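Sequential numbering from 1 applies to the sequence shown in UniProt numbering.
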Amino acid sequence: MALISNHYESAADIFRDMREMIGLEKVKDLIYEIYALIQVKKFRDEQGLKSSKQVYHMIFKGNPGTGKTTVARIISKMLNRMGVLSKGHLVEVERADLVGEYIGHTALKTRELVKKAMGGILFIDEAYSLARGGEKDFGKEAIDCLVKVMEDKSEDLIIILAGYPNEMGDFLEINTGLPSRFPIQISFDDYSTDELMLIAMKMATEKDYNITSDAMIKLKELIQYEKDIRNHFSNARYVRNVIEKAIRHQAVRLMGRPGNISKQNLMDLLARDISSKTMETSLNNHIIFQ
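Spelled out as structure tokens, the structure:
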């Protein structure tokens, strides 16, 4: 029986950052599949077995704040450590970075960004916006340029197209040649309220703050309210904004406090520090019209 080399990055090393992320279980499973596929391909190559060429261009579908950019960074790092990408960096762009103002300008801008991303991942956020300008828009030129790049320079570059689920679905239906060029499609579901609470606690703890029990109750109500009224709820991004605002409110509150300020005072975020004008306005209007 032929022995298989053990000289490879362990899953524990590569997935350390991924394990620390809250939720995203389906995403984690799919990324492990990519890891396993690459690793087994190495084993097969060592034993002289046939292994098909793999394409790792991806589509990320999900609302804001669901971890798309963070996961892209982790994938880039993983593929670099496994020898798929030579640099393992992430170049994040959007429509304005790719689309020019006159004929030929778009191709020039796109090629420059591709050159910058070589050896890593070119992450195109809100990719569907490239197809929204009509017949005379230069967004189509950017798409055509990217397709050519994928054909010519796919060895050391991965392209990820990201955006809202419905918009990305429409985008792929319009551009019928794209789905086959992006064989890996990952859906990033919205976080549950409980997951967002864990994210909030993690964010606060990392900054040496403590969310008190009363503040936790208010924060949970606030998150659930925002999830209910927003079509494109911004998930962890929204939670980060609430925590940062609470820290500012706490600072103002402490500056108006007489006497000494203890270490615990400096750490505690109280219910009064957690606020949302949208929720408060809605509740006030509800009271007025009752």
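No residue lacks a Cβ here, since even glycine has one placed at the ideal position from N, Cα and C.
All values derive from a computational prediction rather than experimental measurement.
Quick one: using the 10 Å Cβ neighbour count with 16 as the cut-off for buried, is residue i buried or exposed?
i, result
"Pro179", "exposed"
"Asn210", "exposed"
"Val40", "exposed"
"Pro64", "buried"
"Asn235", "buried"
"Val149", "buried"
"Met168", "buried"
"Met78", "buried"
"Ile174", "exposed"
"Asp156", "exposed"
"Tyr102", "exposed"
"Gly120", "buried"
Excluding five sequence neighbours on each side, which residues of the same chain lie with their C-beta closer than 7 Å to the C-beta of residue i?
i, result
"Phe182", "His57, Met58, Ile59 and Leu161"
"Asp45", "Ser51"
Compute the Euclidean distance between the alpha carbons of residue i and residue j, then round it to the nearest angstrom.
i, j, result
"Ala200", "Lys153", "41 Å"
"Ile229", "Tyr238", "13 Å"
"Gln54", "Asp137", "33 Å"
"Ala271", "Thr69", "31 Å"
"Val84", "Ile159", "13 Å"
"Lys220", "Glu226", "10 Å"
"Asn265", "Lys202", "19 Å"
"Asn241", "Glu195", "16 Å"
"Asp208", "Glu20", "18 Å"
"Met1", "Ala142", "Because Met1 carries a pLDDT of 46, less than 50, the predicted location of this residue cannot be relied on, and no value is offered for it."
"residue 315", "Arg257", "Residue coverage of the chain in this structure runs from 1 to 290, which leaves residue 315 outside it and unanswerable."
"Thr193", "Gly139", "37 Å"
"Ala131", "Val147", "14 Å"
"Gln224", "Met267", "25 Å"
"Tyr35", "Asn80", "12 Å"
So, helix, strand or coil for residue i, using DSSP?
i, result
"Phe123", "strand"
"Ile184", "strand"
"Gly163", "strand"
"Thr278", "Unreliable positioning characterises Thr278 in this predicted model, as indicated by a pLDDT of 49, which lies under 50. The coordinate reading is nonetheless provided below. Helix at Thr278."
"Ile261", "coil"
"Gly169", "helix"
"Leu90", "strand"
"Gly104", "coil"
"Phe43", "helix"
"Lys50", "coil"
"Gly139", "helix"
"Asp214", "helix"
"Leu269", "strand"
"Lys220", "helix"
Return the Cβ separation of residue i and residue j in integer angstroms, given the expectation that the two are a contact with Cβ distance under 8 Å.
i, j, result
"Thr106", "Val114", "About 12 Å; that fails the 8 Å criterion."
"Phe171", "Tyr128", "4 Å"
"Val71", "Val27", "6 Å"
"Ser76", "Gly88", "5 Å"
"Leu49", "Ile186", "Actually they do not touch by this definition, with Cβ atoms about 28 Å apart."
"Ala204", "Ile243", "6 Å"
"Pro165", "Gly62", "7 Å"
"Ile261", "Leu254", "6 Å"
"Met118", "Ile74", "With 8 Å as the limit, Met118 and Ile74 do not qualify as a contact, their Cβ atoms being about 20 Å apart."
Is there at least one Cβ from chain B nearer than 8 Å to residue i's Cβ?
i, result
"Gly100", "Of the protein chains in this structure there is only one, and it is not chain B."
Return the chain-ordered list of same chain residues with a C-beta closer than 8 Å to the C-beta of residue i, the five sequence neighbours on each side being excluded.
i, result
"Glu94", "Ile124, Asp125, Glu126 and Ser129"
"Asp97", "Lys109 and Leu113"
"His232", "Asn63, Pro64 and Tyr164"
"Ile217", "Ala271"
"Met197", "Met216, Leu219, Lys220 and Ile223"
For residue i, I'd like the list of residues in its chain whose CB is within less than 6 Å of its CB, leaving aside the five on either flank, ordered along the chain.
i, result
"Gln250", "Leu269 and Asp273"
"Leu122", "Val91 and Ile159"
"Cys145", "Ala107 and Thr110"
"Tyr191", "Gly23 and Asn235"
"Phe15", "none"
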